[in-house]
Amino acid sequence: MLKEKISLKRLVGLSQEDGEKLLLAAGYIQDNTYCDDEDCIEGQRYHDDTYYSLYDEDGQEIDTKSWTTTYEKAAEIEDDIRNDKFIESHWDGLYERVVKQ
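Counting from 1, one number per residue, gives the positions in the sequence shown under my numbering.
What follows is the structure, given as structure tokens:
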């Protein structure tokens, strides 16, 4: 499979589904997730990230992109069910940034 490093600029504005298709076609794999909601109290914001990484033939990481979703933690409801408020979602690059103008 031909591996291609995807610029973060190509992902900006794409949905998670469309961006994931582009990354997977370029040789990235969805290899990790992270959510920092455990230590978050009601009213605070937290992130839920899905990581897509590109590796070379020796297994060394070349690039990583993430789909980041921000939520605001809601009060706990019966049976530990919460209805956290969605704030935003966007693509991010661990090794590059797109500067907003």
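Every residue gets a Cβ at the ideal spot worked out from N, C-alpha and C, and that includes glycine.
Helix, strand or coil at residue i [DSSP, three-state]
| i | result |
| --- | --- |
| Gly-27 | coil |
| Val-99 | Because Val-99 sits at a pLDDT of 49, beneath the cut-off of 50, its placement in the model cannot be relied upon, and the following sentence gives the value as read from the coordinates. Coil. |
| Asp-18 | helix |
| Lys-73 | coil |
| Asp-85 | The question names Asp, but residue 85 in the sequence shown is Lys. Of the three classes helix, strand and coil, the one that applies to Lys-85 here is strand, per DSSP. |
| Leu-54 | strand |
| Lys-9 | helix |
Residue i classed as buried or exposed, judged by whether at least 16 other C-beta atoms fall within 10 angstroms
| i | result |
| --- | --- |
| Val-99 | Only weak support exists for where Val-99 lies, its pLDDT of 49 falling under 50; the value from the coordinates is given anyway. When all chains shown are included, Val-99 counts as exposed. |
| Gly-19 | buried |
| Asp-56 | exposed |
| Tyr-52 | buried |
| Tyr-71 | buried |
| Gln-101 | Its pLDDT being 37, under 50, Gln-101 is placed unreliably in this model, and the value from its coordinates should be taken loosely. So Gln-101 ends up on the exposed side. |
Residue from the options with nearest C-alpha to residue i
| i | options | result |
| --- | --- | --- |
| Gln-67 | Glu-61, Glu-76 and Gln-16 | Correcting the residue identity first, residue 67 is Trp in this sequence and not Gln. Closest by alpha carbon: Gln-16. |
| Lys-3 | Leu-11, Val-12, Arg-10 and Ile-29 | Ile-29 |
| Gly-59 | Val-12, Gly-27, Ser-89 and Asp-92 | Gly-27 |
Rounded Cβ spacing between residue i and residue j (contact assumed at less than 8 Å)
| i | j | result |
| --- | --- | --- |
| His-47 | Asp-36 | 6 Å |
| Tyr-95 | Asp-63 | 6 Å |
Residue i: CB within 6 Å of a non-hydrogen atom of the ligand NAP
| i | result |
| --- | --- |
| Leu-14 | Absent from the structure shown: the ligand NAP. Ligands present: none. |
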